[in-house]
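Following: one structure in structure tokens, then a few remarks.
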Amino acid sequence: MNAVAPTRRQLLRGMAAGGFVLAVGLAGGQLAVAGDDAHAAAFAPDAFIRIGTDGAMTLIMPQVEMGQGIYTTLAMLIAEELDVDLATVTLAEAPPSDALYGNPLFKIQMTGGSTSVRAYFLPMRRAGAAARAMLVQAAAARWRVDPASCTTEAGQVRHAASGRSIGYGAIAGAAARLKPPAEPVLKDPKTFRLVGKPHHRLDTAHKVDGSLKYGIDVMPEGVKFATLAASPVLGGKVAHVDDSQARALPGVRQIVVLDDIVAVVGDHMWAAKQGLDALAITWDDGANAAVSTETLWQGLQAAAAQPGVAATKAAPIDATGEDVVSAQYEIPLLAHAPMEPMNCTVHVKPGACELWVGTQVSTKAQGIAAKALGIPPEAVTVNNHLIGGGFGRRLEVDMVEKAVRVAQKVDGPVKIVWTREEDIQKAMYRSLYGSWMSARLQDGKPVAWEHKVVGPAVIARFLPPAFTGGIDIDAVDGAVETPYVLPDMAVRYVRHEPVGVQTCFWRGVGPNNNVFSTECFVDLLANKAGTDPLDYRRSLTDPKGRARHVLDLAAEKAGWGTPLPARSGRGICLQFAFGSYLATIAEVAVADDGTVRVQRLVTAVDCGVTVNPDGVIAQIQGGHVFGLSAVLHQQITLEKGRVQQSNFHDYRVLRIDEMPQIEVHLVASAEAPGGIGEPGTVSVQPAVANAVYAATGVQLTRMPIDPALIARKA
Amino acid sequence: MLELSINGEAHHADVTADVPLLWVLRDVLGMTGTKFGCGIAQCGACTVHLDGQPVRACQLPVGLVGARKITTVEGVGATPAGAAVQKAWLDLDVIQCGYCQSGQIMSAAALIASTPAPSDADIDAAMAGNICRCGTYVRIREGIKKAAAEHHA
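Chains A and B, in that order, are what the protein sequence lines are. Here the numbering used here runs 606 ahead of the position in the first sequence, where the first position is 1. Here the numbering used here runs 852 ahead of the position in the second sequence, where the first position is 1.
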């Protein structure tokens, strides 16, 4: 705590100068725009807590809110230890600073990978406990009593023996002169008032009446509106632009032509879009003009012939012999398609720049803008907004860089909004991945196991220090560690960067591939062994372990083994990923034409200690829907270097009339918290694929589900 | 200069008649509660009411609105059905990122205003045009039933 004191002063100066962040007023409170007195508060013991002499309290959120409910969770953790009433607190987004707000697990300011609760469970509690201790000490000194004789409740210090109490605001100034305790004493979890009990979300009061301002909603004085087109082929350049038609359109103000981007600025988005559509742009496609879905799959399969790098110590198995079962599983290119299209509003000024954006990586956004303009990062003010869907797409800052390069040519602030077509076709994508699996069976059970993962090393680009020994820790996540008691596992990783597409993280990340392949393969092995998939998994798990517990719970709740109609089936996914155990059982019905209808999903979750159980349930529900869209509907394909899908009619998202019933069962646990944003997306994909296998006898090895293939084979 | 009745107030916009209502609301009048999601009536994020009927503002040239009354998410809370939906949405913590919810709430409010006790099939029919990428459909369904029950109680 002491170590951050000097930088805190810098921070407060920065806030006063920059006028950062929006703040979200709580439960009926007002939307406060920050940079105001609340942040330059009397008592600011760390980077997270601000208490003014009037008792006004602001909690600064080091993780961004993009729907996952993290503002509520982090605020609950601080409030638990600080003993404040959450209804009286304002939440504010942290300004860019890796030093103050770097995710403890990544060392940079980043929200992703289902890490928020794992990273901040203790730091947030410690912050609250330290601030509370200082407030108690200040009150005790004023009353000349032993601090141990004081208690705290709802923003007040109390001394029962003398019947006195005082609000935190009244002693904020005195507390600020004290040293924070080096090792603040945390509450015994048995005494938690908030943690572990369902809490209403703190970020949604302004989402029901349209008053919350996402990045796309900002309106700086004098703002103009722009939309852009990047080369339809990755790496292509603008060869020629004929703008004669566009210039004549009402509301079109400016046409910006860069090396690889063309943008139109107008009085409103419609004028800009009409202008862009009216341009005759000739592109020089460059080196990727021949890329197609076929070349992408061929590249992946060719790479699989390489031995790769060993991610575990066991030697690869000799894949010959009748007792060896082998299979290969593949997942396709995907777009993220968050509902808030890519956007960034930029005002380039002499030697400075102001951004309005919703990003999962504030300091990266600041850095890329600074680099594009050749100015220091401190000269870039970032107004980070609540996000209309991230899913990994807003871990990237390509939309910031493009916007800044366009804005550099525009006088005054300009809001650059991508069309949905641009969002689908010029995106960064979840890569295609493949898994090559082999196991030697003895009495039906694996006695040797090999899993070769082939895919890009997103980590090597995104977080270079985390890429060591040629292993992308995300790409092999879910392969190296499974929920099973298996013999020596040989896990190998072949780095393969697909040519002609840019790849990035996507909700569920590495385990999407590895849990999918492992769980489909386990079903295949169970089938070879002539054993029921549940019994087979039970035989491979520790009877006393957490994995077995969620497996049995899900099976019981799903009615595993009870009869189903013809061409219906149940499928299991058992997984350990992101520090959480999940068992999902899907029930599907397959029509004669191969169409799959998912009827019901039952998921048992052990994610360790839960902060907001209702938030966990919401994340599993939502994660399942995200995964269902992928397994049933989604794939990005390319022809002549160009993405063939363009909008929600051909890049389909699950709709409410396709919804299964979803039941989520939480296991009470005191174990360390696990992540919960990604796991539901991961588990539903193999569960559905295995249910189709059970219903039809057809094991699909490449996603998404192909009804025509099922109809042919079943 | 076009005159529009939005949430019970007169607004004026100096735009050509072909501009979709969505962009007049958002970029000309600064009413940003109505969201852009797809531009081709595939996602429902831009849903508003025209004389109480849900329409996709991205497909409606502003010149065709005429004297019909526009209600947006900023004003729907003033209607009993809209208020019931907003309350149910908060009570059940329906919302995640919230970006699509302006449109979800507008579609849901129109549904419960016209259908006292919507069945699952009614909900599917009325809401299938509204995409939610966070996957809040389980709670949207519950929210509609709760709001309808309270609205028509």
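C-beta atoms are modelled at their ideal positions from N, C-alpha and C, and glycine is treated no differently.
For the beta strand (DSSP E) containing M875 (chain A), list its first residue and its last residue.
Per DSSP, M875 (chain A) belongs to no beta strand (DSSP E); it is in the alpha helix (DSSP H), M875 to A884.
Per DSSP, which one or two residues make a beta bridge with R1248 (chain A)?
A:E1245
Apart from the five residues just before and just after D643 (chain A), which ones in its own chain have a Cβ nearer than 6 Å to its Cβ?
Summary for D643 (chain A): the model assigns pLDDT 40, below 50, so the residue's position carries little reliability; its value from the coordinates is reported in the next sentence. No residues qualify anywhere along the chain.
Whole-angstrom Cβ separation of V1003 (chain A) and T965 (chain A), contact assumed at under 8 Å?
7 Å
Hey, how far is the Cα of G719 (chain A) from the Cα of S1289 (chain A)?
15 Å
Compare the C-alpha of A897 (chain B) against each of B:C949, B:L854 and B:G929 and name the closest.
B:C949
Going by CA-CA distance only, name the one from A:D865, A:Q860, A:Y1039 and A:D1141 that's closest to K879 (chain A).
A:Q860
Taking Cβ positions, are E1028 (chain A) and M948 (chain A) nearer each other than 9 Å?
yes
Return the residues of the segment 940-958 of chain B that lie within a Cβ-Cβ distance of less than 7 Å from chain A, sorted by chain order.
W941, L942, D945, I947, Q948, C949, G950, Y951, C952, Q953, S954 and I957
Cα-Cα separation between P913 (chain A) and R1248 (chain A), rounded to whole angstroms
31 Å
T659 (chain A) (DSSP reduced to helix, strand or coil):
coil
Among A:I1030, A:H1102 and A:S1044, whose alpha-carbon lies nearest the alpha-carbon of I1323 (chain A)?
Given a span of 607 to 1320 for chain A in the structure shown, any question on residue 1323 (chain A) remains unanswerable.
Kindly indicate which residue of B:S971, B:V946 and B:A869 has the alpha-carbon position closest to the one of G915 (chain B).
B:A869
Can the beta-carbon of T886 (chain B) be found closer than 9 Å to that of V900 (chain B)?
yes
From the beta carbon of K997 (chain B), is the nearest beta carbon of chain A less than 9 Å away?
no
Contacts that C895 (chain B) makes with chain A (C-beta to C-beta distance below 9 Å)
M945, R1026, N1253, F1254 and V1259
Could you check how far apart the C-beta atoms of R1046 (chain A) and A1054 (chain A) are, in whole angstroms? I think they sit under 8 Å.
4 Å
In its own chain, which residues sit with a C-beta less than 6 Å from the C-beta of R1258 (chain A), not counting the 5 before and 5 after it?
H1239
Is any beta-carbon of chain A found at less than 9 Å from that of T931 (chain B)?
no
What did DSSP end up calling I983 (chain B) once you bin it into helix, strand or coil?
coil
Compute the Euclidean distance between the alpha carbons of L882 (chain A) and D879 (chain B), then round it to the nearest angstrom.
17 Å
With 16 other Cβ atoms within 10 Å as the buried cut-off, status of H1057 (chain A):
buried
L1069 (chain A) vs V1006 (chain A) beta-carbon contact at 9 Å
no
Quick one: complete alpha helix (DSSP H) runs, 4+ long, within the segment 1175-1263 of chain A?
1219-1239
Secondary structure of L902 (chain B), DSSP reduced to three states:
strand
So who's on the other strand from T757 (chain A), going by DSSP bridges?
A:R764
Can you give me the C-alpha to C-alpha distance between V863 (chain A) and W1024 (chain A), rounded to a whole angstrom?
16 Å
How many Å lie between L881 (chain B) and Y820 (chain A) at the Cα?
17 Å
In chain B, what lies closer than 9 Å to T810 (chain A) by C-beta?
W941, L942, D945, V946, I947, Q948, G950 and Q953
For chain A, is any of its Cβ atoms less than 9 Å away from the one on P872 (chain B)?
yes
Report all residues from its chain with a CB closer than 7 Å to the CB of N990 (chain A); omit the five preceding and five following residues, and keep chain order.
V627, V670, E699, V963, G964, T965 and S968
For I1268 (chain A), tell me which candidate among A:A1164, A:F1182, A:Q1241 and A:D752 has the shortest Cα-Cα distance.
A:A1164
Test: S1037 (chain A) CB closer than 9 Å to a CB of chain B
no
With 16 as the cutoff for other CB atoms within 10 Å, does K970 (chain A) come out buried or exposed?
buried
Give me the residue from A:A776, A:A1210, A:A1293 and A:A978 with the minimum Cα distance to A746 (chain A).
A:A776
Can you tell me where the alpha helix (DSSP H) with F1122 (chain A) in it begins and where it stops?
V1115 to A1135
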